[in-house]
Amino acid sequence: AQKITQTQPGMFVQEKEAVTLDCTYDTSDPSYGLFWYKQPSSGEMIFLIYQGSYDQQNATEGRYSLNFQKARKSANLVISASQLGDSAMYFCAMNSGGSNYKLTFGKGTLLTVNP
Amino acid sequence: SQTIHQWPATLVQPVGSPLSLECTVEGTSNPNLYWYRQAAGRGLQLLFYSVGIGQISSEVPQNLSASRPQDRQFILSSKKLLLSDSGFYLCAWSTGDTGELFFGEGSRLTVL
Chain U
39 AQKITQTQPG MFVQEKEAVT LDCTYDTSDP SYGLFWYKQP SSGEMIFLIY
89 QGSYDQQNAT EGRYSLNFQK ARKSANLVIS ASQLGDSAMY FCAMNSGGSN
139 YKLTFGKGTL LTVNP
Chain R
20 SQTIHQWPAT LVQPVGSPLS LECTVEGTSN PNLYWYRQAA GRGLQLLFYS
70 VGIGQISSEV PQNLSASRPQ DRQFILSSKK LLLSDSGFYL CAWSTGDTGE
120 LFFGEGSRLT VL
């Protein structure tokens, strides 16, 4: 079984600063994918970034980067130059090779960006 | 481009009433389809997924059912709603490559 843990229920960051949202995972499958989603107050789920377990380099998408530490089973999201519009819930998720149809989500971290 | 829509966006239903949430995907064929539920302040729980017409897998025993009558249509139903069915329901699709999910706008259900 696969499991995602997000230990930070809430985080605060000043506008224009960087912030790291923690995510650890557990799976026995050597092939898996890691995802981050953003959920604003409107409720829609917005895909941010993807990291495959065999990817050698950390994934980056604009101001988002994924700090992938395979040995530690962590996949932290780094948001650089925070903006007020980054205030939202952030979910870490994973699938594994044997069940790539299904994503397992963590409980989320509520990020608040202060002006 | 691919789009996904679900409706209704909001509904308030009495306990014991039926439910039907509908989701359709455009711009792709043979997608994998999913229904997730999000309880207030919590993560997403997978309810059902489908890899093809008429093929439904249930993840948790519950008061709900799902059907896929057409390739790009996914329906979530209940014959008799319970208070515990309240929540935010999200439909999603994927191509099955990396497994990245694309979500609909969500349907907020309140059972009174």
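So the sequences go chain by chain: U and R.
Okay, so the first sequence: first residue is 39 according to the numbering used here, each after it adds one.
Okay, so the second sequence: first residue is 20 according to the numbering used here, each after it adds one.
Backbone N, C-alpha and C define an ideal beta-carbon position, used for all residues, glycine too.
Note that the structure is a prediction, hence the values are computed from the model and not measured.
Checklist entry - According to the neighbour-count rule (16 or more other Cβ atoms, all chains shown, within 10 Å of its Cβ), is LEU52 of chain R buried or exposed? => result To locate residue 52 of chain R, count along the second sequence from 1; it is residue 33. The residue in question, LEU52 of chain R, is buried, as its Cβ has 16 or more Cβ neighbours within 10 Å.
Next on the checklist: Can you pull out the residues from the stretch 82-113 of chain U whose beta carbon lies closer than 9 Å to at least one beta carbon of chain R?
Outcome noted: Taking 9 Å as the Cβ-Cβ cut-off against chain R, the residues of the stretch 82-113 of chain U that qualify are GLU82, MET83, ILE84, PHE85, TYR88 and GLY90.
Checklist entry - For the beta strand (DSSP E) that GLN52 of chain U lies in, which residues bound it at each end? => result On the first sequence, position 14 is the one that residue 52 of chain U refers to. For GLN52 of chain U, the enclosing beta strand (DSSP E) has its first and last residue at 48-52.
Next on the checklist: Taking CB distances under 8 Å as the criterion, tell me whether ASN49 of chain R reaches chain U.
Outcome noted: Within the second sequence, the letter at position 30 stands for residue 49 of chain R. For ASN49 of chain R, no Cβ of chain U is located within less than 8 Å of the residue's own Cβ.
Item to check | Pick from R:TRP54, R:VAL130 and R:THR117 that is closest to ALA85 of chain R, judged by C-alpha positions | outcome: As a first step, residue 85 of chain R must be located in the second sequence, where it is residue number 66. Answer by Cα proximity: R:TRP54.
Checklist entry - If you measure from the CB of VAL44 of chain R, is any heavy atom of the ligand ZN nearer than 7 Å? => result No copy of the ligand ZN appears in this structure; indeed no ligand is present at all.
Next on the checklist: My output table needs one value for ASP93 of chain U: the three-state DSSP class, helix, strand or coil.
Outcome noted: Residue mapping note: residue 93 of chain U aligns to position 55 of the first sequence, counting from 1. Per DSSP, reduced to three states, the secondary structure at ASP93 of chain U is coil, with no helix or strand assignment.
Checklist entry - Taking three-plus beta-carbon pairs below 8 Å as touching, is the stretch 24-38 of chain R in contact with the stretch 139-146 of chain U? => result The stretch 24-38 of chain R is not in contact with the stretch 139-146 of chain U.
Checklist entry - Over what stretch of residues does the beta strand (DSSP E) that includes MET83 of chain U continue unbroken? => result The residue labelled residue 83 of chain U in the question sits at position 45 within the first sequence. Neither: MET83 of chain U is in no beta strand (DSSP E) and is coded neither H nor E.
Next on the checklist: I'd like to know if GLU124 of chain R contacts chain U, where contact means its C-beta is closer than 8 Å to some C-beta of that chain.
Outcome noted: To locate residue 124 of chain R, count along the second sequence from 1; it is residue 105. It does; some Cβ of chain U falls within 8 Å.
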